[in-house]
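>
Protein chains in written order, with the working numbering: chain A, 1 to 362; chain B, 1 to 362.
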């Protein structure tokens, strides 16, 4: 077994070591069940206990009010790109703030099911920033306003909650549980779990119950929010193992001090990298300073060749998955909840050394 | 840790102990990656190796011809209930053989997207049998013929492949990889993995490539078979951990002798239980003898009260999850690939003792 690396992948991504160790220790036999969690019928009392624990912990950690239901689903954010308009767009218009690849995909998917208005389209500036509130062009009759809180690819993040008159719908895949959120302001929040909270294969949806039940007739049964709420996410077999992993992650997160502590930590971690960028004549930060993400720091060196060397030499030091997304190139360090501050410190240190060694190539 | 039980759950269900032990041993760090499989980016070389291994092993074990693509998806069989008509039903009629709850649900879902003809509806006899070939009423212009190979709830199984002129579509969720299949006869085979091959959260689709690309315009992007084939199942993040578990399961299955050995084993296991039923004046077998399932054996005692006692006393002996489905009542023993023959033998022995002790209550 190789020594544990610092994994800067954008998702799936790092999980807390003590969460993995606990999962390992009880993998073959969970509690006094005499079987693995992976073998449990989802209708039995053992798994019911895990499922309810995941729900109640999630409600507690994110302070989800009683007006909102928590769903544990499959299909990823990409299936939600369709589920959201199929369930919420009946006959109306939806406002989409396009600030990156995934919000763009969501908007195009919604066009299949109704009218879409682009409240903003930040492609002109290469998605390097989040618009100001005053620049959002909303429609009068909108069914909802959609945005993606953090743009994993471009390293930008909304630092305010949009003020809109329609239901607020937010993709929080890459910053869910990284900071406190006033859930009562949202109609629907969702997140693919594989970045910040659990392994790939689980999608968490938090929905204001009053929004359910307005789906189009062509909505697949298993995508209807009202049916999913009625069946407590168990319209069919849920992704049981991922839900179990979520309980371990939530327990860990509580022990660390909850989302308030996560918010402090994400500022510390990303701050270490942004400090290096801001004090360098070598690295180029890719996101506008006012729109910078706490979760994904994007930057480049003076050349694509040096970017590649940066990534491969880092790997030899156990700092892995630093290559930027294929649409942007460059370098990306994803710093999710489970990344220890030591990982960010090691990266900052490496960046300084790499700069000193390669400055002459500018 | 409690001693390992014999788990007769209908799904999610038993996995081979050595598969679980291997998963445990490499959970925290996989090979020389320095991270857990659950932390791996799905676009990286480590996970790519796992993914390709899963595909090639599956192709080898089920003898999938090159004409057919293998997809690893999310959403369960229930999402396929919609995906299949959305992709294959354009403008035509689909024939559905309704032999149980799940094929009935699939037929109702398909009605949202086109015309459905019930090739048979076995509800009249309480779904206790599979129709004969001559009783299947197919339509002339059918786009496809849909059936469910094994009915988990009722304990019936198709012992022949329907002869039809349209594309054959089959839900093999509860008997996939339990016997050899001539895949070339099928247009599409799919299976929720959580019964016979892997943990919940993975759906395997085997599709004749010529069937892809005929989807309705309203099909969500992530449900389009052509887009999924083009992206080798990675249109979005796949359920990585379940795919990894599938590789371990397939390696185990090969070591056991493949699907031919599984076919022999399923006859041995279910034979032990059917023998007890056929030699008893106490138990009532629920499925017609000619339609009996090798995977799920359904029966009852003379009373619901005795059924309950049977289930709870069995549990004390480490024979768990024997309660029948809520729609049928009674008792159900699911005997999937990973159930050791010793489990079936222990159950048969318990059944005989229970009968001897309770015969007077008839």
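Beta carbons are placed, not taken as given, at the ideal position from N, Cα and C, and that holds for glycine.
Every value quoted in this text rests on a predicted model; they were computed, and no experiment measured them.
Tell me the DSSP bridge mates of residue 94 (chain A)?
Position 94 of the first chain, counted from the start, is the residue given in the question as residue 94 (chain A). Bridge partners of residue 94 (chain A): A:116 and A:144.
> If residue 354 (chain B) sits next to residue 331 (chain B), beta carbons under 8 Å apart, how far is it from one beta carbon to the other, in whole angstroms?
Indexing the second chain from 1 puts residue 354 (chain B) at position 354. Indexing the second chain from 1 puts residue 331 (chain B) at position 331. Between residue 331 (chain B) and residue 354 (chain B) the Cβ distance is about 10 Å, and since that is not below 8 Å, they are no contact.
> How many angstroms separate the CA atom of residue 181 (chain B) from the CA atom of residue 59 (chain B)?
Numbered from 1 along the second chain, position 181 holds the residue referred to as residue 181 (chain B). Numbered from 1 along the second chain, position 59 holds the residue referred to as residue 59 (chain B). Approximately 12 Å, taken between the alpha carbons.
> Which one or two residues does DSSP pair with residue 132 (chain A) in a beta bridge?
Position 132 of the first chain, counted from the start, is the residue given in the question as residue 132 (chain A). Residue 132 (chain A) is not bridged to any residue.
> Pair every Cβ in the stretch 250 to 269 of chain B with every Cβ in the stretch 108 to 127 of chain B, then say whether three or more of these pairs are closer than 8 Å.
no
> Would you say residue 218 (chain A) reaches chain B, if we count a Cβ-Cβ gap shorter than 8 Å as a contact?
Position 218 of the first chain, counted from the first residue, corresponds to residue 218 (chain A). Yes - at least one Cβ of chain B is within 8 Å of the one on residue 218 (chain A).
> In the DSSP output, which residue or residues are listed as bridge partners for residue 156 (chain B)?
Translated into the one-based positions of the second chain, residue 156 (chain B) becomes position 156. DSSP output for residue 156 (chain B) lists B:151 and B:292 as bridge partner(s).
> When the Cα atoms are used, what is the spatial distance from residue 27 (chain A) to residue 335 (chain B)?
Reading the first chain from its first residue, position 27 is the one you call residue 27 (chain A). Reading the second chain from its first residue, position 335 is the one you call residue 335 (chain B). Each residue's alpha carbon lies about 22 Å from the other.
> Using a Cβ cut-off of 8 Å (strictly closer), state whether residue 20 (chain B) contacts chain A.
Position 20 of the second chain, counted from the first residue, corresponds to residue 20 (chain B). Yes, because at least one Cβ of chain A sits closer than 8 Å to the Cβ of residue 20 (chain B).
> I'd like the list of long-range same chain contacts for residue 212 (chain B), defined as Cβ closer than 6 Å, with 5 residues on each side in sequence excluded.
Taking the second chain and counting its residues from 1, the one referred to as residue 212 (chain B) is at position 212. Hits under 6 Å: 225, 226 and 229.
> Under the assumption that residue 274 (chain B) contacts residue 319 (chain B) (Cβ atoms under 8 Å), give the Cβ distance between them as a whole number of angstroms.
Residue mapping note: residue 274 (chain B) aligns to position 274 of the second chain, counting from 1. Residue mapping note: residue 319 (chain B) aligns to position 319 of the second chain, counting from 1. Residue 274 (chain B) to residue 319 (chain B), Cβ: 17 Å. No contact.
> Does the CB of residue 364 (chain A) have a neighbour CB from chain B at under 8 Å?
The question about residue 364 (chain A) has no answer here: the residues shown for chain A are numbered 1 through 362.
> Got a sec? Which residues, its chain only, sit under 6 Å from residue 325 (chain B) by beta carbon, not counting five neighbours each side?
Walking along the second chain from the start, residue 325 (chain B) turns up at place 325. Closer than 6 Å at the Cβ level, and outside the excluded window around residue 325 (chain B), lie 153.
> Please classify residue 1 (chain A): does DSSP put it in a helix, a strand, or coil?
Position 1 of the first chain, counted from the first residue, corresponds to residue 1 (chain A). Annotation note: pLDDT 49 at residue 1 (chain A) (below 50); position unreliable, coordinate value reported separately. Looking at residue 1 (chain A) - three-state DSSP - the assignment turns out to be coil, as it is neither helix nor strand.
> Exposed or buried, residue 39 (chain B), counting other C-beta atoms within 10 Å across all chains shown (16 or more means buried)?
As a first step, residue 39 (chain B) must be located in the second chain, where it is residue number 39. The residue in question, residue 39 (chain B), is buried, as its Cβ has 16 or more Cβ neighbours within 10 Å.
> Does any CB atom of chain A fall closer than 8 Å to the CB of residue 52 (chain B)?
Mapped onto the second chain, residue 52 (chain B) falls at position 52. No, its Cβ sits nowhere closer than 8 Å to a Cβ of chain A.
> Between residue 1 (chain A) and chain B, is the shortest Cβ-Cβ distance under 8 Å, so that the two count as touching?
To locate residue 1 (chain A), count along the first chain from 1; it is residue 1. Here residue 1 (chain A) scores only 49 on pLDDT, less than 50, and its place in the model is too uncertain to base an answer on.
> Heavy atom of the ligand ADP less than 7 Å from the Cβ of residue 216 (chain A), yes or no?
Of the ligands one can find in the structure shown there are none, so the ligand ADP has no counterpart to examine.
> Please classify residue 360 (chain B): is it buried, with 16 or more other beta-carbons within 10 angstroms of its beta-carbon, or exposed?
Here residue 360 (chain B) corresponds to residue number 360 of the second chain, with the count starting at 1. So residue 360 (chain B) counts as exposed.
> Can you name the residues of chain A whose CB is closer than 8 Å to the CB of residue 9 (chain B)?
In the second chain, residue 9 (chain B) corresponds to position 9, counting from 1. Near residue 9 (chain B) (Cβ distances below 8 Å), the residues of chain A are 39, 40, 41 and 44.
> Between A:172, A:221, A:135 and A:196, which lies nearest to residue 7 (chain A) when the distance is taken from Cα to Cα?
If you number the first chain from 1, residue 7 (chain A) lands on position 7. Of A:172, A:221, A:135 and A:196, the residue nearest in Cα terms is A:196.
> Tell me whether residue 45 (chain A) sits in a helix, a strand or coil according to DSSP, three-state version.
Walking along the first chain from the start, residue 45 (chain A) turns up at place 45. Of the three classes helix, strand and coil, the one that applies to residue 45 (chain A) here is helix, per DSSP.
> Verify the CB distance criterion: does residue 302 (chain B) have a CB-CB separation below 8 Å to chain A?
In the second chain, residue 302 (chain B) corresponds to position 302, counting from 1. For residue 302 (chain B), the answer is no, since every Cβ of chain A falls outside 8 Å of its Cβ.
> Output the distance between the C-alpha atoms of residue 15 (chain B) and residue 199 (chain B), rounded to the nearest integer angstrom.
For the purposes of this step, residue 15 (chain B) is taken as the residue at position 15 of the second chain. For the purposes of this step, residue 199 (chain B) is taken as the residue at position 199 of the second chain. When rounded, the distance between both Cα atoms is 8 Å.
> State buried or exposed for residue 348 (chain A), treating a residue as buried only when at least 16 other CB atoms are found within 10 Å of its CB.
Position 348 of the first chain, counting from 1, holds the residue named residue 348 (chain A). Counting Cβ neighbours within 10 Å, residue 348 (chain A) comes out buried, since at least 16 surround it.
> Taking DSSP as the reference, what is the three-state secondary structure of residue 122 (chain A)?
As a working note, residue 122 (chain A) is residue 122 in the first chain. Reduced to three states, the DSSP call for residue 122 (chain A) is helix.
> With 9 Å as the C-beta to C-beta threshold (strictly closer), list the residues of the stretch 220 to 239 of chain B near chain A in chain order.
If the cut-off is 9 Å between Cβ atoms, the stretch 220 to 239 of chain B has 220, 221, 222, 223, 235, 236, 237, 238 and 239 near chain A.
> Per DSSP, residue 190 (chain B) is paired with what?
The sequence position of residue 190 (chain B) within the second chain is 190, counting from 1. Residue 190 (chain B) is bridged to B:171 and B:205.
> Between the C-alpha atoms of residue 237 (chain A) and residue 222 (chain A), what's the straight-line distance to the nearest angstrom?
Numbered from its first residue, the first chain carries residue 237 (chain A) at position 237. Numbered from its first residue, the first chain carries residue 222 (chain A) at position 222. Using only the alpha carbons, I get a separation of about 11 Å.
> Closer than 6 Å by C-beta to residue 1 (chain A): which residues in its own chain qualify, once you throw out the five before and the five after it? Chain order, please.
Along the first chain, read from residue 1 onward, the residue named residue 1 (chain A) stands at position 1. In this predicted model, residue 1 (chain A) has a pLDDT of only 49, less than 50, meaning its place in the structure is not dependable enough to derive any value.
> Put residue 78 (chain A) into one of helix, strand or coil per three-state DSSP.
Counting from 1 along the first chain, the entry for residue 78 (chain A) is found at position 78. Looking at residue 78 (chain A) - three-state DSSP - the assignment turns out to be helix.
> Exposed or buried, what is residue 165 (chain A) when buried is set at 16 or more other beta-carbons lying within 10 Å of its beta-carbon?
In the first chain, counting from the first residue as 1, residue 165 (chain A) sits at position 165. Exposed: under 16 other Cβ atoms inside 10 Å.
> Roughly how many whole angstroms lie between the Cα atoms of residue 356 (chain A) and residue 135 (chain A)?
The sequence position of residue 356 (chain A) within the first chain is 356, counting from 1. The sequence position of residue 135 (chain A) within the first chain is 135, counting from 1. The alpha-carbon atoms of residue 356 (chain A) and residue 135 (chain A) are separated by roughly 41 Å.
> Three or more C-beta pairs under 8 Å: does that hold for the stretch 157 to 176 of chain B against the stretch 292 to 301 of chain B?
yes
> By the 10 Å Cβ neighbour count, where 16 or more other Cβ atoms means buried, how is residue 298 (chain B) classified, buried or exposed?
For the purposes of this step, residue 298 (chain B) is taken as the residue at position 298 of the second chain. Buried, because 16 or more other Cβ atoms sit within 10 Å of the Cβ of residue 298 (chain B).
> Look up residue 228 (chain A) in the DSSP assignment and say whether it is helix, strand or coil.
Mapped onto the first chain, residue 228 (chain A) falls at position 228. Helix, per DSSP.
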